[in-house]
Ligand SMILES: Cc1cc2nc3c(=O)[nH]c(=O)nc-3n(C[C@H](O)[C@H](O)[C@H](O)COP(=O)(O)OP(=O)(O)OC[C@H]3O[C@@H](n4cnc5c(N)ncnc54)[C@H](O)[C@@H]3O)c2cc1C
């Protein structure tokens with residue numbers, strides 16, 4: 086049964102769109118999205134209707150129930166990825182790759198700390214001195230590259246939970262991640278939701294049960310409740326003004342870590358990396374962009390480069406041309422090739438620098454020792470009127486993922502539906 090409740094959702098990423106899908110079956114829903122397209126940090130590029138690159142989210146990291154459930158519902162297919170992992174040392178490709186030496190010993194120590202601390206403090210305390218320098222270095226590379234986190238801020242307990250819940254099974258979606266959010270958009274539209282793009286929200290005036298949302302262009306939208314499903318970086322910047330102000334929630338946003346990444350997807354005429362080794366999945370080594378992966382089992386001649394965490398920061402202001410040059414230079418180093426040869430083989434490129442997108446400002450969140458408490462604040466509705474959702478508010482086993490975003494959007498929608506019913 087439809088009621089007269091008017092719900093406004095800010096942000097048409099995975100979190101905002103799943104909330105729209107759930108709520109628009111029962112209530113009047115308006116989604117306001119700042120960019121000219123939906124999907125947020127999910128952006129598949131299509132060439133002639135065929136998936137050409139995932140410039141944002143790419144993998145489904147494990148058998149994740151909401152994501153896989155949605156894919157099934159939408160009739161979308163996905164496939165298991167595989168490939169060997171190589172480390173390049175002095176120009177040699179080595180498949181006997183160990184990300185972190187004495188991994189089990191490290192995990193055991195991480196599990197036994199009585200109170201949470203940052204990873205840097207943990208290493209300094211439990212692995213002091215020069216003899217652990219190489220362990221410090223490899224942990225730092227992993228934390229920066231995978232979690233996009235700052236060693237001096239990231240929580241040991243959160244890393245332990247994430248690292249021990251990691252799935253061996255990763256998948257890609259045949260039709261691209263965007264097909265999944267398009268499905269949520271389609272269902273919401275069929276249920277009469279309004280989805281408005283190019284609507285940058287700047288002000289939210291509210292009292293219990295009433296909100297007036299104003300965009301940069303001066304258009305106002307009124308409703309009974311608002312869900313704020315924007316990236317954490319937007320909350321941290323404070324570019325959406327609340328009246329009355331929400332100081333506790335804004336302070337809480339600063340207690341969650343916000344990472345950064347530069348992702349480069351390059352297509353070539355020929356798979357030159359196969360000269361180094363067969364079945365290449367991932368390659369890591371010392372280069373300006375240190376991490377690369379292929380599309381296996383898909384045979385596309387595509388390599389994706391990943392520069393994450395604090396090492397990406399000095400490069401965020403660079404032009405796409407400069408970043409492409411840096412990417413090719415990195416591949417020349419890692420694959421023992423001449424950069425001009427690689428330039429001759431290059432057929433297409435997508436450089437995505439999400440930190441420079443003013444409506445995203447970063448990549449995905451990570452936990453600091455203060456994050457669990459901050460998430461409690463942000464996950465508590467303000468007078469049954471203001472709700473927050475989005476990847477950064479998730480406290481389960483798959484942080485920083487699309488699953489995390491979907492989980493929070495769904496939870497907020499359920500909370501609102503339950504609250505209205507009672
Ligand atoms: C490069 C990269 C690779 C990734 N790889 C993976 C992966 O392989 N697997 C995985 O599971 N996850 C991955 N992630 C993370 C995943 O993309 C995110 O966790 C998820 O998409 C976040 O969804 P969200 O709805 O919380 O936020 P978003 O998708 O960021 O959506 C928020 C929306 O709010 C809008 N907005 C911002 N400000 C305003 C405003 N003032 N008014 C109106 N709208 C506004 C934004 O434009 C955006 O569309 C990756 C992320 C990045 C950046």
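Residue numbers (this note's numbering): 86 to 507.
Ideal Cβ positions, reconstructed from N, Cα and C, are used throughout, including at glycine.
Keep in mind it's a predicted model, so treat the numbers as computed, not measured.
In the three-state DSSP reduction, residue 233 falls in the coil class, being neither helix nor strand. Contact between residue 504 and residue 493 is ruled out by a C-beta separation of about 16 angstroms, above the 8 angstroms threshold. Positions of the beta strand (DSSP E) runs, each at least 3 residues long and wholly inside the region 252-339, are given as 255-258, 279-281, 286-292, 295-300, 305-308, 310-313 and 326-328 in order along the chain. By a beta-carbon distance limit of 8 angstroms, residue 235 contacts residue 394. Their separation comes to about 7 angstroms. Between the alpha carbons of residue 238 and residue 441 lies a distance of about 22 angstroms. If you check the CB distance, residue 374 and residue 351 do not come in under 8 angstroms.
Boundaries of the alpha helix (DSSP H) harbouring residue 196: 188-196, taken from the DSSP string.
DSSP lists 169 as the beta-bridge partner residues of residue 365. Shortest Cα-Cα distance from residue 97 to any of 188, 111, 89 and 122 involves 122. Proximity to residue 94 across 280, 443, 485 and 225 peaks at 280, based on C-alpha coordinates. As DSSP reads the structure, residue 393 sits in a beta bridge with 346. Three or more beta-carbon pairs drawn from the region 330-343 and the region 447-466 are found closer than 8 angstroms, and the two stretches are therefore classed as touching. Checking the 7 angstroms criterion, the Cβ of residue 125 is within range of a heavy atom belonging to ligand 1. Spanning the alpha carbons of residue 499 and residue 107 requires a straight line of approximately 8 angstroms. With a 10 Å radius around the Cβ and a threshold of 16 neighbouring Cβ atoms, residue 294 comes out exposed.
Counting C-beta atoms within 10 angstroms of its own C-beta, residue 341 has 16 or more neighbours from the protein chains shown and is therefore classed as buried. Not one heavy atom of ligand 1 lies closer than 7 angstroms to the C-beta of residue 291. Taking a 10 Å sphere around the C-beta of residue 222, we find fewer than 16 other C-beta atoms and assign the residue as exposed.
Nearest in C-alpha terms to residue 228, of all of 438, 255, 346 and 390, is 346.
Annotation for residue 225: 236 place their beta carbon closer than 6 angstroms to its own, counting only its chain and skipping 5 residues before and after. Here the C-alpha atom of residue 358 lies approximately 14 angstroms from the C-alpha atom of residue 414.
Of all alpha-carbon atoms in 110, 174 and 152, the one lying nearest the alpha-carbon of residue 361 is that of 174. Burial is judged here by how many other beta carbons sit within 10 angstroms of a residue's own beta carbon; residue 461 has fewer than 16 and is exposed. Beyond the five residues adjoining it in sequence on each side, residue 329 comes within less than 6 angstroms, by CB distance, of no other residue in the same chain. Contact annotation, residue 92 with residue 436: C-beta distance approximately 37 angstroms; criterion of less than 8 angstroms not satisfied.
If you check the C-beta of residue 118 against ligand 1, you find a heavy atom less than 7 angstroms away. CA-to-CA, the gap between residue 99 and residue 307 works out to about 23 angstroms.
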